[in-house]
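These notes concern the structure reproduced below.
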């Protein structure tokens, strides 16, 4: 056990600890803290009935609860508070607790303090999960012992005592996780930045500032290679971060000239550094479709350059078929192909998905409103969609954007737009409207929370419906 973990154990023993949120990452956190002898109270906005399975799972632990409406009113007298990532740090109850002397942290912040291995971390508005998974697979193919976590994989804090200095840890980090971070990974990757999560962040500027924490606190560590920051130079905002970086920058650019870094040359993804040029993979060999996935590969190569050989990258490119819910091919029914892109929870993500197909598609869109603009999506729908099925809170906003785009473009052919009351009606209606050779794509350009717990549940429901359609 490393010294940092020993110190943390001593620090937690007998202390009054609050864990805010009984979710996926905090469930193992509660068990880990309890094993250290912490006096734990678990807080959650959900009531006891909804949390009954989680509470039952803790029945052998001596912990207390504060659940349901007004659950944060009991947040008093705690020495350490672990908040869930989606909770704003400026809630009045947290401000009061901080003023009273409580240390407010999170599972991920503590993991950064305790992790003995080298950390690679990825953030961005789109492409985080795929890029993170690619880095993980490339390092693993090279022969490293690799851990995957953050927003994907397993909650890693409860596994930190199994890790060694030689291990590599690959994390996907959201703006919520990064918002209060005071440490940065040794290898930081920012795929792109565009407006997102403005239902939680007070402004686009706050969202951008949160993302920057992935590199602002980078420090050299003699155990590892010098810190590096992988930046998308095709994105104006991320390119602008270069002026704030203190250490090595590895640019990647598909459409502009970066001079050094990762680029596409005659259909091959290459890394260039002065007179040195390394051919990593042919773009045509990448199994998963879309230019956005080509960019995800470029970002991943920028992260692993010097760690892995081109053969490892090529092996991943020719075998990795993508992450579930990301342009995932579901099945073909009576000549109609169905694709699940439930991860498309922002306009930019859906736009990328639409341009991944060579033909116009039948699109199912709409969901929870994150206060984003749909103007650009409206024009993309005019250009890339033949029929549109809308559902959820954002249906009217998306339809208005499409109507405006039709007027602006002077398009002669209208798009068939159907507003639906339920998700099931939208999926079934899209299938009934499809003809042989059509593609039906779920890419909502909106979050899922008005109808589902998360995008995974939404995608799984889509697949259930599609798999229920009868072939004839």
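Residue numbers (our numbering): 40 to 511.
Glycine residues also receive a C-beta, built at the ideal position from the N, C-alpha and C atoms.
So residue i and residue j are in contact, right, with Cβ under 8 Å, and what is the actual spacing, rounded?
i           : j           : result
residue 346 : residue 320 : Contact flag wrong, Cβ pair sits at about 15 Å.
residue 379 : residue 349 : About 32 Å separates the two Cβ atoms, so there is no contact after all.
residue 433 : residue 406 : 6 Å
residue 253 : residue 223 : 6 Å
residue 429 : residue 450 : Between residue 450 and residue 429 the Cβ distance is about 18 Å, and since that is not below 8 Å, they are no contact.
residue 122 : residue 59  : 5 Å
residue 485 : residue 431 : 6 Å
residue 168 : residue 191 : 6 Å
residue 366 : residue 384 : Contact flag wrong, Cβ pair sits at about 14 Å.
Within a Cβ cutoff of 7 Å, which residues of the same chain sit near residue i, ignoring the five residues on either side of it in sequence?
i           : result
residue 106 : 83, 85, 86, 87, 90
residue 117 : 55, 56, 57, 136, 141
residue 339 : 170, 173, 174, 177
residue 93  : 61, 66
residue 477 : 375, 401
Can you tell me the Cα-Cα spacing of residue i and residue j, whole angstroms?
i           : j           : result
residue 198 : residue 355 : 26 Å
residue 99  : residue 75  : 15 Å
residue 193 : residue 147 : 12 Å
residue 295 : residue 41  : 45 Å
residue 219 : residue 160 : 16 Å
residue 392 : residue 508 : 24 Å
residue 134 : residue 145 : 15 Å
residue 470 : residue 461 : 15 Å
residue 505 : residue 153 : 45 Å
residue 313 : residue 299 : 7 Å
residue 341 : residue 124 : 27 Å
residue 103 : residue 120 : 14 Å
residue 479 : residue 468 : 11 Å
residue 411 : residue 389 : 13 Å
residue 280 : residue 443 : 34 Å
residue 360 : residue 334 : 16 Å
residue 458 : residue 164 : 28 Å
residue 437 : residue 289 : 37 Å
residue 250 : residue 244 : 10 Å
Got a sec? Which residues, its chain only, sit under 6 Å from residue i by beta carbon, not counting five neighbours each side?
i           : result
residue 77  : 51, 54, 56
residue 181 : 347, 351
residue 215 : 124, 125
Suppose the cutoff is 8 Å on Cβ atoms and the five residues either side in sequence are ignored; what does the same chain contact list for residue i look like?
i           : result
residue 475 : 373, 374, 375
residue 455 : 425, 426, 427, 472
residue 323 : 306
residue 496 : 487
Please confirm if the segment 371–379 is in contact with the segment 206–213, defined as three or more CB-CB distances below 8 Å between the two stretches. no
Segments assigned beta strand (DSSP E), at least 3 residues, entirely inside the segment 233–314: 267–271, 287–292, 300–304, 307–312
Give, in chain order, every unbroken run of the alpha helix (DSSP H) that is at least 4 residues long and sits entirely within the segment 415–481. Taking 4 residues as the shortest admissible run, the segment 415–481 contains the following complete alpha helix (DSSP H) segments, listed from N- to C-terminal end: 434–448, 462–472.
Count the CB pairs spanning the segment 420–439 and the segment 497–510 that are closer than 8 Å, and state whether there are at least three. no
Would you check if there are 3 or more beta carbon pairs closer than 8 Å linking the segment 230–239 to the segment 182–193? Taking 8 Å as the limit for Cβ pairs, the verdict is that the segment 182–193 does not touch the segment 230–239.
Alpha helix (DSSP H) segments (min. 4 residues) lying fully within the segment 371–407: 386–393
In chain order, what are the residue ranges of uninterrupted beta strand (DSSP E) at least 3 long that sit wholly in the segment 150–182? 157–162
Whole alpha helix (DSSP H) elements within the segment 313–372, 4-residue minimum: Entirely contained in the segment 313–372, the alpha helix (DSSP H) runs reaching 4 residues are, in chain order, 330–343, 349–358.
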